[in-house]
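Working notes for the structure below.
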Amino acid sequence: MFSGGLDSTAMLVQLLGETRDELRVHHIRMVNREARAQAEHSAVERIVAWCRERYRPFRYSESAVDFSALEAIPIDYLSIAFVACQVAIDTPRCDRIAVAALARDTDIENRSARQRRVFDTLYECYRARKLGEPEVQWIYPVYHSTKRELAATLPRELVELTWSCRRPVREAEQWRPCGACKACLARQGI
Ligand SMILES: [Zn+2]
């Protein structure tokens, strides 16, 4: 699962460089009142092109969830669990889902456990129709790293293509990170 942020970009580079696994990279356009989908999407397009050219070929796909008419901002990890299930079923021989959660992320153990519970429940419905592999494992390839360590594993050019801000500011034809949201603060100094 690929957001276009620093963590998932480092995860992608690790999987491309250190494994021979056949990858399907999937991005979800999360459309909501934060209005970050467009900025994120242009980062994703550039990163995918960059990585395909320099590492090895991989399959890429995307889908969208549009909650822009809702007042509240839905929980991302639930949308990710839902989409990951559809993508796993749609991918022949898929037996692992990689997410770029970090041990230092807020309340990550509980959030990941809940995310897998949502996934497992959905996946069971497909298994009841005899679809999908018997077991799908969630893996966390960059879990024990800090953001600083992850940034250090990437070429600088690629770090600069990543997008983290949740509340981008529109400036002429460009997006600028707000510098104040949780995601901006987490990558301060990188
Ligand atoms: Zn921000």
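Residue numbers are given in the working numbering: position 118 of the sequence shown equals residue 675, and the series is strictly consecutive. All C-beta atoms in this analysis are idealised placements derived from N, C-alpha and C, irrespective of residue type, glycine included.
I believe Gln694 touches Asp652 by the beta-carbon criterion, under 8 angstroms. Please report the beta-carbon distance rounded to the nearest angstrom. About 7 angstroms; that satisfies the 8 angstroms criterion.
For ligand 1, is there any heavy atom lying closer than 7 angstroms to the beta carbon of Ala740? Yes, Cβ of Ala740 sits closer than 7 angstroms to a heavy atom of ligand 1.
Between which two residues does the beta strand (DSSP E) holding Arg668 run? Run containing Arg668: none in the beta strand (DSSP E); it sits in the alpha helix (DSSP H), Ile665 to Arg684.
May I have the straight-line CA-CA distance separating Ala655 from Gln731, to the nearest angstrom? Taking the straight line joining both Cα atoms gives about 31 angstroms.
Looking at the unbroken alpha helix (DSSP H) that takes in Val644, where does it start and where does it end? Bounds of the alpha helix (DSSP H) holding Val644 are Asp633 to Asp647.
Secondary structure, beta strand (DSSP E): runs of 3+ residues fully inside the stretch 567 to 604: As far as the stretch 567 to 604 is concerned, its whole beta strand (DSSP E) runs of at least 3 residues are 581 to 588.
State yes or no: is the C-beta of Ala737 nearer than 7 angstroms to some heavy atom of ligand 3? Within the structure as shown, ligand 3 is missing, the only ligands being ligand 1.
Span of the beta strand (DSSP E) around Ala621: Ala621 -> beta strand (DSSP E) spans Arg616 to Asp623.
Strand pairing of Arg705, partner residues [DSSP]: BP columns for Arg705 are empty, so no partner.
Exposed or buried, Leu572, counting other C-beta atoms within 10 Å across all chains shown (16 or more means buried)? It is buried - the Cβ of Leu572 has at least 16 other Cβ atoms within 10 Å.
Does the beta carbon of Pro631 fall short of 7 angstroms from some heavy atom of ligand 1? For ligand 1, not one heavy atom lies less than 7 angstroms from the Cβ of Pro631.
Where does the unbroken alpha helix (DSSP H) through Ala740 begin, and where does it stop? Per DSSP, Ala740 belongs to the alpha helix (DSSP H) from Lys739 to Ala743.
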